[in-house]
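Written out below as structure tokens is the structure these notes cover.
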Amino acid sequence: MKVLFRLGDQNFITKAYEEFSERCLAKTQDIVSTKSDFKTIGDLFIRERKVDDFCEKTLNLSKQLNENGQSFLSDLFINELSKICINLNFPKAEEFLKIALENSRKNKDGFHELARLTDLEYLYRNNNDRKALFSILRQKKACCKNVIENYDENLKNYASIHRAPTSKKSVQTQLAFTYSDIAGMLEKRNPKDAINLYEKSKNIYIELGQQRESDYLKERIRRITARLNKTQI
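Everything in the sequence shown is counted per this note's numbering, starting at 42 for the first residue and increasing by one.
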């Protein structure tokens, strides 16, 4: 998609999006070209500082695509929009990430669900929102366990144009990280629960043959246990 225009030409970018929407709904080009065009038009709106307008137009297009039986393309645009917004630190990033998350859950696509949960985790860490972070980490834990236990089923439901699905070993590593992250948030208030979660994380690392990580967690568990024993004397 070649785009030539003068910066500040608002009518042009509006018309460009209208023409893009028409092509999407008419199914006149392949999915790879459509995704590329979406990013190109997004860049135009970003340069013109019209991100709000781009978001609104994309939500409307997504709704039309769903009504037109093009749910895959609709979900793809919401996924891309959420990633654009989080990269820009745009206030509506959380809203679009949650829509994308629900789409992944609806499609039983655990890989994309895990990706969006990770994006939300990043967002909440940056915003220092501990309550939301704790909630999303628990959801991430459940998602990782689901992908590991039902890997082949999630593989069948994985919807992506280019990117290969995350390997089972990588998901196990993410689960180990998540157990440790939750444990770290519980250490002071619920040290026994923290120990239990660190144990689970350690066992995953042992299974994966990652000695350094498992040794680190053994030492962490030892210190918390020693601290607990001291308070109980």
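Note that the Cβ used here is the ideal one computed from N, Cα and C, for glycine as well.
The way I'd put it, the segment 128 to 143 does touch the segment 85 to 96; three or more beta-carbon pairs between them come closer than 8 Å.
The three-state reading of DSSP puts Pro206 in coil, since its state is none of H, G, I, E or B. In this structure, Tyr220 keeps its C-beta atom at 8 Å or more from the C-beta atom of Leu249. The segment 164 to 180 and the segment 229 to 236 do not touch, with fewer than 3 CB-CB distances between them shorter than 8 Å.
Under the 8 Å Cβ criterion, the segment 144 to 158 counts as touching the segment 192 to 208, having at least three qualifying pairs.
Straight through space, the alpha carbons of Thr81 and Asn107 are spaced by roughly 22 Å. The three-state reading of DSSP puts Thr219 in helix, counting H, G and I together. With a threshold of 16 other beta carbon atoms within 10 Å, Glu135 meets it and is buried.
Around the beta-carbon of Lys68, fewer than 16 other beta-carbon atoms lie within 10 Å, marking it exposed.
When DSSP states are grouped into helix, strand and coil, Pro232 belongs to the helix group. Counting only unbroken stretches of 4 or more residues, the alpha helix (DSSP H) elements lying wholly within the segment 130 to 167 are 134 to 147, 151 to 167, in sequence order.
With a 10 Å radius around the Cβ and a threshold of 16 neighbouring Cβ atoms, Glu254 comes out buried.
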